[in-house]
Structure formats: C-alpha cells, structure tokens
Amino acid sequence: MKVLLIDPPHKLFPGLRMWTPSFGLLQLGAYLEREGNEVQIIDATALRAPWRDLANSISTSKADVIGITCSATCLSPEAIQTIHLCRKLLPHSIIVAGGSHFSLMAETILHELKGLNYIVLGEGEIAFSQFLQDLSRGGKGREVKGIAYSDHGKVILNKRQSPIQNLDSLPLPAYHLIDMETAAYYWHGMGRKAFGLSTSRGCGDRCAYCSETRFWEGVWRGRSGKKIVEEISYLHRQYGKTLFVFNENTFNWSRKRVEEFLEELGKSNPRIHFWFQSRIKDILRDEDLIPEMKRLGLYEVMLGIESIQPDVLSRYEKQQSREMAQKAIDILRKNKIMVMANIMCGDWNDSAESMKEVFRFVRGQSDFLVLTLTTPLPGTKYFEEAERLGRIRERDFGKYDFMHPVMDTKFLSAKEVYRLQQVYLKKYYTQPRILLGAFFNPNPFKRMAYRLILRYVWENVTKRPWRQPNLDEPSLVIGQ
C-alpha cells in the first residue's frame with residue numbers, strides 16, 4: 001500500500017535553533033518498506049515553508065493511508081492541525097495517528113477529533129504493518145492488536161501488541177526517505193557533522209512525571225552495541241557525521257550493552273564524539289568505564305539530577321540523593337567530561353528557598369544548566385494527582401514543553417515559579433566563566449555552546465529575538 005508518514009511542522013526552541021528528524025517515523029518507514037509498502041516521509045519542520053509545502057505534498061499525494069506522529073504533548077496542537085489539514089485536502093483518506101501523546105490520550109482524542117480514523121497504541125511497527133495488511137485484504141483493521149478507533153461514538157481500545165524484544169531485528173532507519181543534507185538538521189557550530197540517534201526504547205524506572213514509562217509500559221529495550229556502531233559507521237561513511245547525540249532517556253541503562261558498544265567502537269575507530277543522557281545511578285555503577293568512554297569520544301553527559309530535596313525526589317519517585325548526584329558529577333569532572341545538569345523546579349513542595357539551594361548546588365560545578373519547569377504530562381501519575389487536587393493552571397497542551405508555567409506549588413504561584421526560573425537561568429549564563437568561555441575556553445564544544453547562549457541572551461536583551469526563518473502559519477492553508 002502507499003503510505004504517507006508525516007511529522008507535522010513545529011516551532012523551534014530559540015535556544016537550540018535546530019531540528020532532529022523523528023527517529024520513530026524513520027524506523028517505522030523502514031519497517032513498512034521492508035514489508036512491501038510504498039512509503040513517503042515528510043518532515044515538515046525541515047521544509048522551506050512548512051505548512052504550505054506540507055499542504056502541497058498532501059494534495060498531490062496518492063497515499064492510501066496517512067500516518068501522523070506526535071512524540072510529545074507540547075507538539076499535539078500541530079499534530080491536530082495536520083489532521084484537520086489532511087481531512088480538508090483528502091476528505092476520503094484514512095488518517096492514523098501515533099506517538100506517546102495520542103496513545104496515552106486515545107479515548108479523549110477519538111471522542112473529540114472527528115477527522116481522525118485510528119490511533120496506534122504504543123509501539124508502531126507491527127501494529128501499523130498488520131493494520132495495512134488487513135486494509136489491503138479488504139478489511140477495516142479493527143481487529144488488529146494495538147489499534148484504537150471510534151465506532152458510532154463508542155471508543156474501542158484494542159489490546160496492545162507485544163513489544164518487539166529484539167530491536168536488532170529492525171532494519172536501519174529510512175534515512176534515504178528524508179533530505180539528510182537539509183540545513184534544518186545542522187547543529188550550530190558543528191554544521192552538518194552532528195546528528196541525533198535513538199538506540200533504545202523505554203525505561204525501567206517509575207518516575208511519576210514521565211510519560212515514557214506509561215508509553216513503553218515500564219520496560220527498557222536496546223539495540224546491541226554492535227548494531228549501534230554499525231549505524232554510526234553508516235552515517236559517518238554515507239553522510240559525513242562525526243558527532244552523535246543519543247537522544248534516548250537512558251542510553252547507558254545496560255552495562256553489558258555499554259561494554260559491547262565500547263568494544264565495537266574501539267575496533268571500528270571512526271574518530272567520533274558523542275553525547276548522552278544518564279541516570280545518576282548508572283554513572284556511579286559504570287565509574288570504571290568512564291575513562292574508556294572519554295577516550296573513545298564521550299564529551300558530555302546530561303545528568304538527570306532533577307532535584308536535591310529529599311521530599312521532592314520522593315514525590316518524583318527518584319531513587320537518588322544529593323550525595324549520589326555529587327559523586328556522579330565528581331566522576332565526570334575527574335574524567336574531563338562536560339556536565340549538563342538537568343534540574344526540574346516547580347514541584348508541589350518546591351519553595352523559593354529550595355530553588356535557590358539547587359541552583360547553588362549546580363552553579364559552580366556544571367558546565368551547562370537545563371532548568372525546566374515540572375510539567376504534569378497527561379497519562380502520568382503526576383498529572384492524575386495534579387488534576388485531582390486542582391493544581392493545574394494551564395490547559396493549552398502546546399505550553400506543556402517544560403518551559404511554560406503550568407501549575408502552582410504549595411508556596412509559589414505558577415507565575416512566581418517561572419520568574420525564579422528565568423532569574424536563575426540568567427544568573428547562571430552570565431557567570432564570567434561562561435561569558436569569557438565563549439571566546440577563550442580551550443574546549444571547542446564549550447566555546448560553540450557558550451557562543452550560541454550569548455547570542456540568545458543578547459537578542460533578548462536588545463529585544464530582537466530570533467525568528468525561525470521558515471515559520472509560516474497553519475491558518476494560511478487550513479483556513480482557521
């Protein structure tokens with residue numbers, strides 16, 4: 001069957017100014033191709049005029065089925081607008097949506113969004129492929145596991161497919177179906193050399209605020225170290241990529257996989273650099289592997305500190321402490337690996353004093369600070385509690401991006417939490433070591449990042465904020 005897969009147009013975060021293609025869509029496209037389908041992928045954010053070009057592509061498409069992804073709650077407004085656009089331009093098409101937000105909100109969305117025919121629940125490859133097979137045989141796909149739909153106002157949620165246990169069995173993501181040379185994928189300071197990867201799915205932790213736990217049903221699975229290096233080598237050889245950002249939440253969940261990855265990387269010797277996110281406990285567990293990671297190209301770790309307050313960590317259901325965070329930071333700094341401290345502020349128990357304390361903790365011993373606002377994502381325990389207790393102050397899911405205030409705390413209003421977040425971000429990034437480091441730091445990765453940060457700060461000070469060059473409005477093509 002002819003399938004059109006769409007990642008809708010999105011507004012870029014001004015501090016990053018780059019985009020990474022949807023790993024899930026690339027993997028799904030490759031799987032569907034292998035099963036004999038004719039697949040087209042549109043990464044609309046990378047288009048010259050995202051909404052207008054997307055509309056033109058949809059209008060000329062001869063697809064039997066359109067699949068639309070929504071990988072995060074904050075991206076759902078654009079996904080819904082894309083569904084409306086597809087329904088307007090192709091009124092008789094079959095439209096299917098997937099991704100974490102649609103999976104976790106399937107019943108509500110199918111009740112409210114009349115233009116959407118189906119939702120794929122959870123992992124998409126097998127469910128969507130079997131759905132297409134059933135359609136090709138004249139069926140409606142309604143008996144397929146992992147499919148949800150509305151039948152005369154009654155929402156039917158079929159049992160999910162069993163997760164794919166061996167991710168090595170999946171084909172290489174369909175990089176050939178997108179423009180890998182587009183400037184939209186260029187990372188500032190690294191140009192076309194940098195690229196994002198996703199090599200695992202899920203997480204075995206039970207963090208109360210994380211929608212990934214619910215979406216992947218609390219299970220972690222990863223491709224083997226050998227397969228990761230094969231993909232890196234392919235991207236290095238085919239597209240000249242030399243810097244890799246592992247975007248999954250827990251790249252180093254499995255020590256065995258990390259050991260195999262390092263062994264295979266050492267054999268192939270592609271001369272790369274790489275970055276990943278990590279839990280504190282995994283850095284402590286793998287302390288003896290960190291020097292080898294550094295030798296083979298690890299330059300930075302985004303460390304999930306989140307908070308140093310015991311009561312807040314308890315509410316997050318994080319099995320860690322301030323002392324553990326300190327030790328993990330020390331291990332990375334000892335090995336000259338940059339530390340990106342990830343902190344969340346705005347939990348119910350957070351106060352002005354607790355926010356000040358965590359800022360003091362990371363200010364002098366991290367190289368970068370990601371200071372986000374605690375956000376109750378739909379489908380999580382955190383959301384259910386906040387909803388039940390009436391703490392949510394913002395209902396626009398487009399603002400559930402961890403940068404907009406969504407709920408109050410016991411001591412602070414949502415606006416006060418946001419004000420303090422902005423104060424501490426400014427204090428952090430106007431430190432002399434960062435201002436001077438943009439020009440004189442011997443580490444090229446720090447210079448690159450600090451210069452981008454300074455540019456962002458300067459634009460805001462002079463009230464000339466950066467504007468996404470290819471940004472257009474959906475109303476131009478949808479007619480809203």
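Start counting the sequence shown at 1; every next residue gets the next number (the numbering used here). All C-beta atoms in this analysis are idealised placements derived from N, C-alpha and C, irrespective of residue type, glycine included.
For Q40, the beta-bridge partners assigned by DSSP are L4.
Annotated as distal: H152 and G115, with beta-carbon spacing of 8 Å or more. In this structure, the beta-carbon distance from L377 to F383 falls below 8 Å.
Taking every protein chain shown into account, the CB of S413 has fewer than 16 other CB atoms within 10 angstroms, so this residue is exposed. Excluding five sequence positions before and after S200, the CB atoms of its chain that fall closer than 6 Å to its own CB belong to G222 and E248, given in chain order. Per DSSP, the unbroken alpha helix (DSSP H) holding C86 starts and ends at S76 to L89. K399 has its alpha-carbon roughly 23 Å from the corresponding atom of V312. A183 sits exposed, since fewer than 16 C-beta atoms from the chains shown fall within 10 Å of its C-beta.
Look at the region 352 to 409 and you find these whole runs of beta strand (DSSP E), each 3 residues long or longer: 368 to 373. Taking a contact to require three or more Cβ pairs closer than 8 Å, the region 191 to 198 and the region 233 to 250 qualify as touching. Beyond the five residues adjoining it in sequence on each side, E264 comes within less than 6 Å, by CB distance, of G225, K226 and V229 in the same chain, given in chain order. Between the alpha carbons of L262 and R206 lies a gap of roughly 28 Å. Here the region 355 to 366 lies against the region 304 to 320, with 3 or more beta-carbon pairs under 8 Å apart. The DSSP-derived three-state label of Q277 is strand.
For A386 and D408, the gap between their C-alpha atoms comes out near 10 Å.
Boundaries cannot be given for N335, as no alpha helix (DSSP H) includes it and DSSP labels it neither H nor E. Bridge partners of I119 according to DSSP: A97 and A148. Of all C-beta pairs linking the region 38 to 46 to the region 4 to 15, three or more are shorter than 8 Å, placing the two stretches in contact. The beta carbon of I58 is closer than 7 Å to those of L85, C86, L89 and L90 in its chain, skipping five residues each way along the sequence.
Counting only residues of its own chain and dropping the five nearest sequence neighbours on each side, A49 has a CB closer than 8 Å to the CB of N470 and D472. Annotation for G67: the continuous beta strand (DSSP E) segment containing it runs V65 to T69.
In the DSSP assignment, Y429 falls within the unbroken alpha helix (DSSP H) covering A414 to Y429. In the assembly as shown, F131 is a buried residue. Its beta-carbon has 16 or more other beta-carbons within 10 Å. When secondary structure is reduced to three states using DSSP, S200 falls in the strand class. The beta-bridge partner set that DSSP reports for A194 consists of L243. Secondary structure of A184 (DSSP, three-state): helix. Between the C-alpha atoms of G437 and V362 there is a straight-line separation of about 18 Å. Residue nearest to K336 within the set P291, R279 and P310 is P291 (criterion: CA-CA distance).
C345 is bridged by DSSP to L373.
By the criterion of a C-beta distance shorter than 7 Å, A325 is surrounded in its chain by I280, I305 and I308, once the five residues flanking it on both sides are discounted.
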